[in-house]
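Here the sequence shown is numbered in this note's numbering, starting from 27 and rising by one per residue.
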Amino acid sequence: MEKQIEIQGKAVAVSLSKAAEKALALRDKTLIAEMELYFSCLIRKQVRFKENVTGNLVDVTDQLAVHFRPVMTKTCGIDYEGDEPPLEDFPIKKPEAFVPHWLKIDFKKDEWIGEFGF
Numbered sequence: 027m028e029k030q031i032e033i034q035g036k037a038v039a040v041s042l043s044k045a046a047e048k049a050l051a052l053r054d055k056t057l058i059a060e061m062e063l064y065f066s067c068l069i070r071k072q073v074r075f076k077e078n079v080t081g082n083l084v085d086v087t088d089q090l091a092v093h094f095r096p097v098m099t100k101t102c103g104i105d106y107e108g109d110e111p112p113l114e115d116f117p118i119k120k121p122e123a124f125v126p127h128w129l130k131i132d133f134k135k136d137e138w139i140g141e142f143g144f
């Protein structure tokens, strides 16, 4: 399935694989695909799948919503305990300039997989 949505005034093409469509149909809660754009010493793109997110959500289907979240760390370093340093929302003056053009979602081996790009 392919669907066009709008995030912060910008068109985003969302593609779901057949496996993702089937897995979504079996859910009783909405799945949220959070497109995280991480600013620190480097830039990282990651899709996180969640069930509870506050903020601007855009519905793709009855079972899927999308959220775009630019984040940053307070300091740049690699000596953090755990997976990664604490994140905070990154205030961007023109967030529409950073909204991705596309999002692809798949479901393989009982795991959600996502990627986005510009």
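Virtual Cβ for every residue (Gly too), placed ideally from N, Cα, C.
Between Arg95 and Glu47, the C-beta gap is not smaller than 8 Å, which leaves the two residues out of contact. By a beta-carbon distance limit of 8 Å, Gly35 does not contact Phe75. Their separation comes to about 25 Å. Within the same chain, Leu63 and Phe142 come within 7 Å of Lys71 by CB-CB distance, once the 5 residues on both sides are set aside.
If you draw a straight line from the Cα of Glu28 to the Cα of Ala45, it comes to about 13 Å. In terms of Cβ geometry, Ile58 and Ala91 form a close pair [threshold 8 Å]. Residue pairing by DSSP places Glu141 opposite Lys130 in a beta bridge.
In this structure Glu60 is buried. Its beta-carbon is surrounded by 16 or more other beta-carbon atoms within 10 angstroms. No residue range can be given for Lys135, since it is assigned to no alpha helix (DSSP H) and is classified by DSSP as neither H nor E.
Beta-bridge analysis with DSSP links Phe75 to Ala59. With a beta-carbon spacing of about 6 Å, Asp115 and Val97 fall inside the 8 Å limit used to define contacts. Ranked by how close their Cα comes to the Cα of Gln30, the residues Ala51, Leu129, Asp136 and Phe133 have Leu129 in first place.
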